[in-house]
Amino acid sequence: MLGKLLVRYLKPSRWLLLGVLAFQFISALASLYLPSLNADIIDEGVSKGDTDYIWSTGLFMLAISLGQIVAAIVATYFAAKAAMRAGRDIRNDVFDKVSAFSEREVSQFGPGSLITRNTNDVQQVQMLAMMGATMLVSAPLLAIGGIVLALSQDVGLSWLIGASVLTILLVAIIVLGRMVPLFRSLQVKLDAVNRIMREQLTGIRVVRAFVREPIEEERFRGANTDIMDVGRHVGTLFVTLFPLFMLVINVTIIGVIWFGAIEVDAGGVQIGTLFAFMQYVGLILGGVLMAAFMTMMIPRAAVSAERISEVLASESTLTRPANPVTTFPEVGSVEFRDVAFAYPGAEHSVLEGISFRADAGETVAIVGSTGAGKTTLVSLIPRLFDATGGSVRVNGVDVREAELEHLWKTIGLVPQRPFLFAGTVASNLRFGREEATDAELWHALEIAQGRDFVAEMEGGLNARIAQGGTNVSGGQRQRLAIARAIVHNPDILVFDDSFSALDLTTDARLRQALWRELPQVTKIVVAQRVSTITDADRIVVLDDGGMVGIGTHDELLATSETYRQIVESQLGVEATA
Numbered sequence: 148m149l150g151k152l153l154v155r156y157l158k159p160s161r162w163l164l165l166g167v168l169a170f171q172f173i174s175a176l177a178s179l180y181l182p183s184l185n186a187d188i189i190d191e192g193v194s195k196g197d198t199d200y201i202w203s204t205g206l207f208m209l210a211i212s213l214g215q216i217v218a219a220i221v222a223t224y225f226a227a228k229a230a231m232r233a234g235r236d237i238r239n240d241v242f243d244k245v246s247a248f249s250e251r252e253v254s255q256f257g258p259g260s261l262i263t264r265n266t267n268d269v270q271q272v273q274m275l276a277m278m279g280a281t282m283l284v285s286a287p288l289l290a291i292g293g294i295v296l297a298l299s300q301d302v303g304l305s306w307l308i309g310a311s312v313l314t315i316l317l318v319a320i321i322v323l324g325r326m327v328p329l330f331r332s333l334q335v336k337l338d339a340v341n342r343i344m345r346e347q348l349t350g351i352r353v354v355r356a357f358v359r360e361p362i363e364e365e366r367f368r369g370a371n372t373d374i375m376d377v378g379r380h381v382g383t384l385f386v387t388l389f390p391l392f393m394l395v396i397n398v399t400i401i402g403v404i405w406f407g408a409i410e411v412d413a414g415g416v417q418i419g420t421l422f423a424f425m426q427y428v429g430l431i432l433g434g435v436l437m438a439a440f441m442t443m444m445i446p447r448a449a450v451s452a453e454r455i456s457e458v459l460a461s462e463s464t465l466t467r468p469a470n471p472v473t474t475f476p477e478v479g480s481v482e483f484r485d486v487a488f489a490y491p492g493a494e495h496s497v498l499e500g501i502s503f504r505a506d507a508g509e510t511v512a513i514v515g516s517t518g519a520g521k522t523t524l525v526s527l528i529p530r531l532f533d534a535t536g537g538s539v540r541v542n543g544v545d546v547r548e549a550e551l552e553h554l555w556k557t558i559g560l561v562p563q564r565p566f567l568f569a570g571t572v573a574s575n576l577r578f579g580r581e582e583a584t585d586a587e588l589w590h591a592l593e594i595a596q597g598r599d600f601v602a603e604m605e606g607g608l609n610a611r612i613a614q615g616g617t618n619v620s621g622g623q624r625q626r627l628a629i630a631r632a633i634v635h636n637p638d639i640l641v642f643d644d645s646f647s648a649l650d651l652t653t654d655a656r657l658r659q660a661l662w663r664e665l666p667q668v669t670k671i672v673v674a675q676r677v678s679t680i681t682d683a684d685r686i687v688v689l690d691d692g693g694m695v696g697i698g699t700h701d702e703l704l705a706t707s708e709t710y711r712q713i714v715e716s717q718l719g720v721e722a723t724a
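Each step along the sequence shown adds one to the number in the working numbering, with nothing skipped, and position 226 is 373.
What follows is the structure in structure tokens.
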């Protein structure tokens with residue numbers, strides 16, 4: 148999974164990677180050449196007292212060192228650029244994929260997990276790409292080249308190299324086996340921390356209202372402690388690993404000095420050669436250490452790549468048709484034909500046998516008890532979900548056959564929980580239509596009964612709005628969301644219990660303005676308050692996912708017991724008389 152992901156996203160940067168390979172090769176060759184020059188200075192210059200040779204060879208070593216530094220810098224720059232591009236492209240693709248998800252896929256992964264996958268997980272893969280592009284080239288070159296050149300200096304001490312390399316690899320394999328499950332657990336626990344943090348920030352008012360701060364703090368503390376424990380285990384392995392590596396390296400150097408000194412004393416090896424051998428041993432073990440360090444990074448990056456690939460491989464249930472319809476034969480019509488809907492894995496359908504039609508300019512209200520399926524029903528119109536039975540037709544076309552962008556352009560949705568983005572009043576309203584003029588924004592606000600409070604805000608249309616609209620009241624947030632939908636200039640307006648935070652007077656004025664200013668727009672209204680929908684052209688009554696009545700207010704009072712009970716519970720028995 149990790150390999151496929153890296154190949155896919157590093158392929159566009161192949162020329163940069165070739166540059167990394169070339170400059171790392173030059174850097175490794177320079178590093179391997181320097182010990183030989185150092186040996187020559189000792190054996191040919193120092194031992195013979197040849198100052199000119201020392202100066203000339205020393206200056207040549209300095210030039211080689213500078214070249215090695217420049218090559219390493221350029222290689223690192225190319226590697227960083229390739230890795231950052233890969234990270235950017237992965238984040239873009241994950242974002243695009245998630246943007247195309249339906250509510251079903253978002254709920255399946257969870258918003259907190261999706262955020263982690265597009266941030267921390269991508270960062271792990273990106274870091275591996277950068278370090279791998281540099282270390283995975285230089286490490287084998289240094290290790291293999293160092294072995295060849297060390298053996299050319301002194302074959303008799305080669306057993307020390309073999310023993311130390313095998314020891315380092317054995318330690319790395321043991322530690323690696325313990326790290327893989329720890330890294331997988333670490334990412335899952337990071338998801339949990341993000342999820343809890345997101346829930347607490349989103350529901351801060353509920354937390355405070357029910358005095359749940361101590362309990363929520365304890366819940367976060369538990370998740371935070373879990374991630375700390377796993378991180379501590381990982382850190383303990385790292386802390387244990389590198390001292391062991393350094394112990395192996397230092398013992399190897401002591402062995403080289405000890406046994407090399409015996410050979411020097413016997414006249415079999417020159418001092419300069421022994422120093423060169425020691426330096427090559429350092430390069431060899433350094434290369435093995437870099438490879439071992441990479442093996443430590445690979446497990447976590449592999450877990451992250453797996454999580455990223457799960458998102459990229461997920462197909463949205465909102466499939467796009469092969470030949471999407473872009474021309475609608477009707478304008479403003481909404482029709483449900485024997486519609487049924489069930490959530491994945493659910494034993495029972497949420498909706499069953501829903502059939503009704505709304506023509507252009509009509510108002511159709513949907514009422515029912517809590518859990519009757521009202522929000523699910525209207526979510527099928529803009530294709531937030533797909534019906535599992537029957538068909539939903541908008542402007543005369545089955546929504547599953549329509550081109551999504553064209554479908555969404557015809558619909559203005561005001562969700563049950565209106566969300567405002569960080570920015571200004573104007574930027575939020577222009578989310579509906581970017582080219583809308585200030586005059587159109589004020590007109591939409593006037594219809595939505597929001598002109599007065601926006602005019603009183605400092606800056607008017609340029610007044611600041613906090614993320615989520617937390618600096619305005621619930622009623623103001625609803626009116627801004629309604630104005631945003633009006634700015635969209637749709638053929639169909641869908642209100643999902645969008646008047647619940649308004650007082651009765653504002654509710655009445657807003658509905659009158661909608662009916663007066665937008666007579667040609669079809670209005671689908673989900674409402675809890677009966678007073679909001681008594682003048683609707685038709686009222687659809689839902690109960691336990693089924694349609695138990697349809698008609699005008701007066702007709703339903705005479706024919707629908709469920710509707711009569713709803714009216715009596717809100718308006719009293721006199722209203723039904």
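Each residue gets a CB set at the ideal place from its N, CA and C atoms; glycine is no exception.
In this text the structure is predicted, and so the values were computed from the model without any measurement.
- Below 8 Å, too few C-beta pairs join the region 532-549 and the region 580-597 to call them touching: fewer than three.
- Taking one beta carbon from each stretch, the region 609-626 and the region 564-574 have 3 or more pairs nearer than 8 Å; the two touch.
- The C-beta distance from residue 344 to residue 367 rounds to 7 Å, short enough to meet the 8 Å contact threshold.
- A buried status is given to residue 670, since no fewer than 16 other beta-carbon atoms sit within 10 Å of its beta-carbon.
- Under the Cβ criterion (8 Å, minimum of three pairs), the region 279-291 counts as touching the region 173-191.
- Under the three-state reduction of DSSP, residue 619 is assigned to coil, being neither helix nor strand.
- Residue 660 has no beta-bridge partner at all, per DSSP.
- A distance of 8 Å or more separates the beta carbons of residue 713 and residue 660.
- Here the alpha carbon of residue 694 sits roughly 53 Å from the alpha carbon of residue 327.
- Considering only 515, 557, 502, the residue with the shortest C-alpha distance to residue 536 is 502.
- With a cutoff of 8 Å on beta-carbon distance, residue 450 and residue 626 are scored as not near each other.
- In this structure, the beta-carbon distance from residue 156 to residue 233 falls below 8 Å.
- The continuous stretches of beta strand (DSSP E) do not include residue 680, and DSSP gives it neither H nor E.
- Going by DSSP, residue 166 is part of no beta strand (DSSP E) but of the alpha helix (DSSP H) stretching over 161-187.
- Excluding five sequence positions before and after residue 570, the CB atoms of its chain that fall closer than 8 Å to its own CB belong to 611, 612, given in chain order.
- In this structure, 377 is the residue among 377, 360, 315, 319 with its C-alpha nearest to the C-alpha of residue 335.
- DSSP links residue 641 through a beta bridge to 560, 671.
- For residue 497, the secondary structure class from DSSP, reduced to helix, strand or coil, is coil.
- Rounded to the nearest angstrom, the Cβ distance from residue 686 to residue 514 is 6 Å, consistent with a contact under 8 Å.
- For residue 475, same chain residues with a beta-carbon under 8 Å away, outside a window of 5 residues either side, are 541, 542, 543, 544, 549, 553, 557 in chain order.
- Residue pairing of residue 513 in beta bridges, as defined by DSSP: 673, 687.
- Per DSSP, residue 226 is one residue of the alpha helix (DSSP H) stretching across 198-246.
- By the neighbour-count definition (other C-beta atoms within 10 Å, threshold 16), residue 609 is an exposed residue.
- For residue 256, the uninterrupted alpha helix (DSSP H) segment begins and ends at 250-256.
- Contact between the region 423-434 and the region 307-325 is established, with three or more Cβ pairs separated by less than 8 Å.
- Look at residue 502 here: in three-state DSSP terms it is strand.
- Segment contact: the region 201-218 against the region 264-278, fewer than three CB-CB distances shorter than 8 Å; contact not assigned.
- A distance below 8 Å between beta-carbons, with the five flanking residues on each side excluded, links residue 497 to the following residues of its chain, in chain order: 488, 489, 490, 520, 523, 692.
- For residue 480, the closest of 317, 668, 259 by C-alpha to C-alpha distance is 668.
- DSSP links residue 540 through a beta bridge to 482, 545.
- Taking the Cα positions, residue 282 is about 51 Å away from residue 526.
- Residues 464, 465, 547 of the same chain have their beta carbon placed closer than 7 Å to that of residue 533, with the five preceding and five following residues left out of the count.
- Judged by beta-carbon spacing, residue 574 lies beyond the 8 Å limit of residue 690, meaning their Cβ atoms are not closer than that value.
- Residue 290 carries a helical assignment under DSSP once its states are collapsed to helix, strand and coil.
- In this chain, residue 150 is not harboured by any beta strand (DSSP E); it is covered by the alpha helix (DSSP H) spanning 149-157.
- Under DSSP, residue 612 forms a beta bridge with 570.
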